[in-house]
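Data block below; observations after.
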Ligand SMILES: *Cc1c(COP(=O)(O)O)cnc(C)c1O
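Residue numbers (this note's numbering): 3 to 411.
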């Protein structure tokens, strides 16, 4: 029976057929699929929840290829099958692959589609880890890249100038970190198709609740599942989602690089995923209220939030997204004021990472983008007074009141 990855899950023997569950169940809506898509059919021993299959290896059947052999590193345990079918369903895609981290998803997705001597186009500001991977590791492997402005009004005409005969892939983020920029993503997908580039988008900040890039024509969606997909700041995981052919190509490399997810973490991620729609819609609402409040504060120089009509990203976000997300950032004038603000806040936790149920605040220049040189951070607008906020699911009034006291002169 073909699985969501197009891999044959061969039967051990005819009489065991009824014991081998299928993972292809899918419903009509995102909310229902988050809870049920890919659940084992029949339920394992009647269990309502997919049990943890803490077994590295499985009895041999009549496997004829290496990747049909069942082994955790090959991402084909029942926990992997359930989670992968669920993620594919919620991103409107054919297939998904879970990985040991968001960076494993990103690096493996890129390296499986680009060779030494080839070239990528990338959004100007990206997650710090992605940026460092491209600058350091990809460059060392002979893979070059050119940053482009995907929000530029002239769009594709300027991107064309960055193309070379070796350009194979374009990598962007749905909402960029930490400036919450939303580019002309529809034009990016069209541009990639026209120039025969593999289009890869990091959908971590938007989540499939607000945006499903495959529906727009993107080839591959990557996630740090550490963030919203899990939503409880208690694990590290990633995902690559797209067509069966593209995901299988990533999977072939993951077999060798080894960044597979273990079944325990699959189980936790599956549990977190069930409440994604509830959490993200609440975070959309609270972040929008907080952004409007902050915009009215004299001590806040600028608020970056695509839901604000004053944001240059609003036009694209409004057209493509069903919600604007739970992330925002603010400029407070200087690093000292930013530090004082962080010290005065009593409710949000001062910590890196994002997307959990608890509100977090951090200065990107001191965390996610600490790996970049100062002049590069300045050029990108990631100044020392920038504070990024990941809005949780706490009471909105209580959260806003805490921001208000922390911003008082
Ligand atoms: C955190 C993050 C990553 C990296 O994910 P890890 O799970 O930490 O490896 C990649 N992209 C974005 C947008 C992120 O926020």
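We treat Cβ as the ideally placed atom computed from N, Cα and C, and that holds for glycine.
Tell me whether residue i sits in a helix, a strand or coil according to DSSP, three-state version.
i, result
"residue 382", "helix"
"residue 235", "coil"
"residue 83", "helix"
"residue 2", "What is shown of the chain runs 3 to 411, which leaves residue 2 out entirely."
"residue 43", "strand"
"residue 390", "strand"
"residue 38", "helix"
"residue 324", "coil"
"residue 179", "coil"
"residue 217", "helix"
"residue 12", "Caution is warranted here: a pLDDT of 46 is assigned to residue 12, below 50, making its placement in the model unreliable, and the coordinate value is therefore given only provisionally. Coil."
"residue 54", "coil"
"residue 68", "helix"
"residue 132", "helix"
"residue 164", "coil"
"residue 248", "helix"
"residue 5", "Residue placement at residue 5 cannot be trusted, given a pLDDT of 43 that sits under 50; what the coordinates show is reported in the next sentence. Residue 5: coil per DSSP, three-state reduction."
"residue 371", "coil"
By Cβ distance below 8 Å, which residues in the same chain neighbour residue i in space, the five residues on each side in sequence not counted?
i, result
"residue 255", "110, 113 and 114"
"residue 411", "301"
"residue 349", "361, 396, 400, 401 and 404"
"residue 56", "265 and 266"
Whose CA, out of the options, lies closest to the CA of residue i?
i, options, result
"residue 234", "224, 276 and 262", "276"
"residue 274", "230, 240, 195 and 298", "230"
"residue 52", "148, 303, 268 and 213", "268"
"residue 150", "121, 34, 337 and 90", "121"
"residue 283", "325, 248, 128 and 97", "325"
"residue 183", "383, 400 and 405", "383"
"residue 58", "67, 136, 64 and 78", "78"
"residue 266", "64, 69, 40 and 74", "74"
"residue 88", "119, 137 and 38", "38"
"residue 176", "54, 190 and 72", "190"
"residue 45", "80, 166, 259 and 349", "80"
"residue 32", "358, 299, 209 and 403", "209"
"residue 201", "262, 211 and 215", "215"
"residue 168", "187, 148, 159 and 153", "148"
"residue 389", "369, 375 and 406", "369"
"residue 243", "203, 155 and 228", "203"
"residue 328", "374, 280, 341 and 337", "280"
"residue 212", "222, 66, 311 and 94", "94"
Provide the residue(s) that pair with residue i in DSSP beta bridges, ordered along the chain.
i, result
"residue 169", "121"
"residue 98", "243"
"residue 73", "59"
"residue 362", "351 and 392"
"residue 145", "Note: residue 145 sits in no beta bridge, so no partner."
"residue 225", "241"
"residue 203", "174 and 223"
"residue 306", "331"
"residue 150", "125"
"residue 24", "43"
Is it buried or exposed, residue i, if we count other Cβ atoms within 10 angstroms and call 16 or more buried?
i, result
"residue 61", "exposed"
"residue 49", "exposed"
"residue 335", "exposed"
"residue 391", "buried"
"residue 220", "buried"
"residue 346", "exposed"
"residue 86", "buried"
"residue 377", "exposed"
"residue 372", "exposed"
"residue 64", "exposed"
"residue 321", "exposed"
"residue 129", "buried"
"residue 135", "buried"
"residue 159", "exposed"
"residue 318", "buried"
"residue 186", "buried"
"residue 393", "buried"
"residue 1", "Residue 1 lies beyond the stretch modelled for the chain, which goes from 3 to 411, so this question has no answer here."
"residue 29", "exposed"
"residue 338", "exposed"
Under 6 Å Cβ to Cβ from residue i, same chain only, skipping five residues before and after it: list those, please.
i, result
"residue 43", "23, 24 and 27"
"residue 270", "237"
"residue 297", "305"
"residue 18", "Residue placement at residue 18 is poorly supported in this model, since its pLDDT is 48, which falls under 50; the coordinates still yield a value, given next. Closer than 6 Å at Cβ, skipping near neighbours: no residue."
"residue 398", "288 and 291"
"residue 428", "Since the first and last residues shown for the chain are 3 and 411, residue 428 lies out of range."
"residue 367", "379, 384 and 386"
Using a Cβ-Cβ cutoff of less than 7 Å, which residues in the same chain neighbour residue i once the five nearest sequence positions on both sides are dropped?
i, result
"residue 116", "122, 145, 170 and 171"
"residue 181", "127, 306, 331 and 383"
"residue 259", "110"
"residue 119", "144 and 168"
Going by the C-beta, is residue i closer than 7 Å to any heavy atom of ligand 2?
i, result
"residue 331", "Although ligand 2 was asked about, the structure shown includes only ligand 1 as ligands."
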